[in-house]
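Note that my numbering has the sequence shown beginning at 42, numbered continuously upward.
Quick reminder that beta carbons are idealized off the backbone N, C-alpha and C, glycines included.
Here the structure is a predicted model, which means the values were calculated and not measured.
One structure is given below, encoded as structure tokens.
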Amino acid sequence: MADLLITNATLPDGRTGMDVLVAGGRIVNVSPRINAASAEVVDAGGNLLTPPFVDAHFHMDATLSYGLPRVNQSGTLLEGIALWGELKPLLTQEAIVERALRYCDWAVAKGLLAIRSHVDVCDPRLLAVEALLHVKESVKPYLDLQLVAFPQDGVLRSANGVELLKKALAMGVDVVGGIPHFERTMHDGTESVRILCEIAADAGLLVDMHCDETDDPNSRHVETLAMQSLRLGMQGRVNGSHLTSMHSMDNYYVSKLIPLMHEAGVSAIANPLINITIQGRHDTYPKRRGMTRVPELMAAGITVAMGHDCVMDPWYGLGSGDMLEVASMGLHVAQMTSQAGMRACFDAVTVNAAKILHLDGYGIAPGNRADFVLLQARDPVEAIRLRATRLAVYRAGRRIAQAPPAIASLHIPDRPAQVDWTLH
Ligand SMILES: [Zn+2]
């Protein structure tokens, strides 16, 4: 007998009336009207059953620290970095673990079951690295946490940057990070990309750099990143995060850059909630949006994901781990309001992000682990519009979170008693 049968689900690709059969924690069949005995049967009622949300870019060592040691009054990137500097010496491993685990609870409840988190490796104690490695193990049964060795202060700019980064990798951190635009000079930035890509290539690791997170159109480290990916044969293993300078670059230059990124197999992660609040701060009017060129990158065949980046930390005092909020902001900022564009924004927080993380067996298909989320929505566009309620979240066929449907009672004569905001 099977363990779980979900009936009458809609899938993100538009198939309706689909049943999903689970046995031994794996999906064994996805078809209409499956006739099989199962210990538990759940009627999806035509609602959307999606693979879990994936956050491709996050900072779990800083999350939920909002207000410590004080609130970011200006809301700017620079005050945020200064605040993080004030907070770092006060951090304890226990406090980082406690806040990270709390955030993972939020994430699971929102159907977010895989997160790539950068972890600052510039602290000689590597306190946050130890803490997040511990968290990674603790949450393994229900959440995939992938860690990036992130030299926040610049791998060349900070003392012993390279050694500390290598030490973090030796301790078990998965991915090589970087921040070339924050090094002292353009030349140092270029050099940092070379050094970090070589470290990753030698160790067989993926690369994910904070790259060109600036409004300066001359910040072109993404070109170097693509060139190193080509030189070292790392196609499909290198990602540029933020890439906000691309927003301000000359169109002619970009017309050459995007094909190079495609040839080099470099993927991109935009962080719309953060980019829209932090970029363009030196502008008067008109103010630049500052998000990278998401639709153009996608049109060129480049894998693009959208990340949350921050939740309640020195840089951003909002957020709840809801990747539908991220997709919604990305959709608005990029003006991706076509039907295909809106669906692509849903992909940016699900399949595209899973591809960048190299997640194994992701998706609602036979043979994959039975991870999925039942949303109170009929399709991906409605899910984004409503930040749809996560009715049930499954990991390996086991329900690990659930929430009641969002329904309001009306007390108006001659009107329906209940309203649920769907059009069905
Ligand atoms: Zn970041």
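Identified DSSP bridge partners for residue i
i: Q320; result: Its beta-bridge partners do not exist; DSSP assigns none.
i: A155; result: V95 and D185
i: Y294; result: Beta-bridge pairing links Y294 to no other residue.
i: P73; result: M59
i: R436; result: R439
i: V216; result: V189 and L247
i: A50; result: M59
i: S282; result: H251 and I310
i: A64; result: R67
Whole-Å CB distance - residue i paired with residue j, under 8 angstroms assumed
i: L124; j: P355; result: 4 angstroms
i: A97; j: L415; result: Incorrect: roughly 23 angstroms between the Cβ atoms, too far for contact.
i: A77; j: L46; result: 6 angstroms
i: M59; j: V69; result: Between V69 and M59 the Cβ distance is about 14 angstroms, and since that is not below 8 angstroms, they are no contact.
i: M212; j: I156; result: The Cβ separation is near 19 angstroms, so there is no contact.
i: D412; j: P92; result: 7 angstroms
Whether residue i touches residue j by CB criterion (9 angstroms)
i: F99; j: K151; result: no
i: V162; j: K208; result: yes
i: T231; j: D253; result: no
i: V189; j: H222; result: no
i: L197; j: I236; result: yes
i: L173; j: A136; result: no
i: R419; j: G126; result: no
i: S474; j: A346; result: Look at the range of the chain in this structure, 42 to 465, and you will see that residue 474 is not part of it.
i: H373; j: P313; result: yes
i: G360; j: S282; result: no
i: L246; j: V217; result: yes
i: T48; j: V83; result: yes
i: M332; j: Q320; result: yes
i: R384; j: P421; result: yes
i: C167; j: L109; result: Checking the sequence shown, residue 167 turns out to be Leu, not Cys. Contact: no.
i: I299; j: E337; result: yes
i: G523; j: Y357; result: Residue 523 lies beyond the range of the chain shown here (42 to 465); nothing can be said about it.
i: T325; j: K396; result: no
Exposed unless 16 or more other CB atoms sit within 10 angstroms - verdict on residue i
i: M287; result: buried
i: K177; result: buried
i: G55; result: exposed
i: H228; result: exposed
i: H323; result: exposed
i: T133; result: exposed
i: V460; result: exposed
i: L458; result: First, the residue type needs correcting, since residue 458 is Ala and not Leu in the sequence shown. A458 should be labelled exposed.
i: D243; result: exposed
i: M275; result: buried
i: M353; result: buried
Ligand 1 heavy atom lying under 8 angstroms from the CB of residue i
i: C351; result: yes
i: N280; result: no
i: H283; result: yes
i: N113; result: no
i: N312; result: yes
i: H228; result: no
i: H262; result: no
i: H98; result: yes
i: H159; result: yes
Residue i Cβ short of 8 angstroms to ligand 3 heavy atom set
i: H251; result: As for ligand 3, it is missing from this structure, which binds only ligand 1.
Below-9 angstroms beta-carbon distance, residue i vs any chain C residue
i: D420; result: Considering every chain present, this structure includes no chain C. It has just one protein chain.
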